[in-house]
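**Student:** Everything in the sequence shown is counted per the working numbering, starting at 57 for the first residue and increasing by one.
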Amino acid sequence: MRLPRSALSVIRVLCGAAARILRRVNGLLSPDLSRVPGVLGRIAQERAGDYREASPDLGPARPAARRFEAVLNGPALALIAEVKRASPSQGAIAPLDPAVAARAYEMGGAAAISVLTEPRHFDGNPQALHDVIGAVTLPVLRKDFVVHPAMLREAAEWNASAALLMVSVLGEATGAYLEMAHHLGLDALVEVHDEAELEVALESGARIIGVNNRDLKTLEIDLAVSPRLIRQARKRGFAGLLVAESGYRTPQEIAEIRRLADAVLVGSSLAGSGDLGAAARQLMTP
């Protein structure tokens, strides 16, 4: 069957866009992970090894649903609740059943669910993501140490709504990875921890910026980081969504964030609470 010229033109445009992104990937990436120190560098290099033989092919462009972005863009502070069974700083947190945990978070008022898929340090896996997506109607973030295009292709194929892009890992390649995420129809949470990383995120064209209070190189937490960088982003004219991440345990600790951010991402304190729905409700009570 011969395709009409209009259809052929669309195919050529889509293929051309994918090719341009891959040329940027091959030119800028893989990220130089030798510059990433500490725990973060070790995990990123492990993930790079996991995907060393993976194809960088993104496949065809996908429409952008922007479900993750939409649920964060409400009048009240939104909660991104995390299915997190372990971490490098705490070791084992709780033997959560991902689907059960996600449903509890949904009942507790979470706007979105974050799921760890990194296996060695966070006890995550792809099946956890599949289980959560099948259990709730909320948009789901694949949270991992993205160092290869295949990880974004997987997120799209597994029906995640969004993926995490860490400036601390991707560096100057952040913009290229953001293009790839958008090519695949994914929202992207572009994560920063300091002023230099914020500059990269702003220049990348990010629509959603997350500020991590935890220094992933040392695992230390400073709750002053999110308010400081969120204010700086707004002063720079950033009109997108801002997410405060890590270290929050009480409503008092997020009181300032309510006035500044659009959402808060919380993992360890909820996951280890024993009653995930109640913990989510209590945390978000003004």
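Even for Gly, the Cβ is constructed at its ideal location relative to N, Cα and C.
(1) DSSP puts E301 in a beta bridge; with which residues?
(2) Please report the Cβ distance between A142 and I149, rounded to the nearest whole angstrom; I am assuming they are in contact, meaning their Cβ atoms lie under 8 Å.
(3) Is the separation between the beta-carbon of F124 and that of D200 shorter than 8 Å?
(4) Put I149 into one of helix, strand or coil per three-state DSSP.
(5) Out of E109, D318 and R198, which has the shortest C-alpha to C-alpha gap to A3?
(6) Can you tell which of P195, L258 and T173 has its C-alpha closest to the C-alpha of N215?
(7) Could you give the distance in angstroms between the alpha-carbon of S217 and the alpha-carbon of A121?
(8) With 16 other CB atoms within 10 Å as the buried threshold, where does T274 fall?
(9) Can you pull the DSSP bridge partners for A171?
(10) Closest to D187 by CA distance: which of A166, A158 and P119 is it?
(11) Hey, how far is the Cα of R263 from the Cα of A134?
(12) Just checking, does the stretch 104-121 make contact with the stretch 283-300 on the three C-beta pairs under 8 Å criterion?
(13) Can you round the beta-carbon distance between N269 and D278 to whole angstroms, since I take them to be within the 8 Å contact cut?
**Tutor:** Concretely, from the data shown:
(1) N268 and L321
(2) 6 Å
(3) Their beta carbons are not under 8 Å apart, which means F124 does not touch D200 by this criterion.
(4) coil
(5) The requested residue 3 is not part of the displayed model; the chain covers only 57 to 342.
(6) P195
(7) 8 Å
(8) exposed
(9) Before going on, a small fix: residue 171 reads as Val here, not Ala. In the DSSP output, where bridge partners are listed per residue, V171 has V139 and R198.
(10) A158
(11) Going by the C-alpha atoms only, they are around 16 Å apart.
(12) At 8 Å Cβ cutoff, the stretches do not touch.
(13) 6 Å
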